[in-house]
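Position one of the sequence shown corresponds to residue 9 (my numbering), numbered consecutively onward. Built from N, CA and C at the ideal position, the CB exists for glycine as well.
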Amino acid sequence: YNPEVLATKTDHESDRNEKLTAALSTLDARSRDIIQRRWLAEDKPTLHELAREYRISAERIRQLEAKALEQMKGVLAA
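Okay, structure coming up:
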């Protein structure tokens, strides 16, 4: 293993984590929770499980998730 390659890889991972944190911070609490649980957690809940928890439809969870992902793309692309 080349130390320079490992350092570069670590820098890229750090940058990626910072961008992800920045993108998540632009979301409201509910949207952030949905994204974190549906995309970043090991035990990912279904749309229906989140819908029951938030007392809204699974379709609304899907819409919130899609909107949040679009919002995050803007931050991550910058």
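With respect to leucine 84, lysine 27 sits close: the two C-beta atoms are nearer than 8 Å. With a cutoff of 8 Å on beta-carbon distance, leucine 55 and arginine 38 are scored as not near each other. About 7 Å separates the beta carbons of arginine 45 and lysine 52, which is inside the 8 Å limit, making them a contact pair. The straight-line gap separating the alpha-carbon atoms of aspartate 41 and serine 22 is approximately 22 Å. The continuous alpha helix (DSSP H) containing isoleucine 69 extends over residues 66–85.
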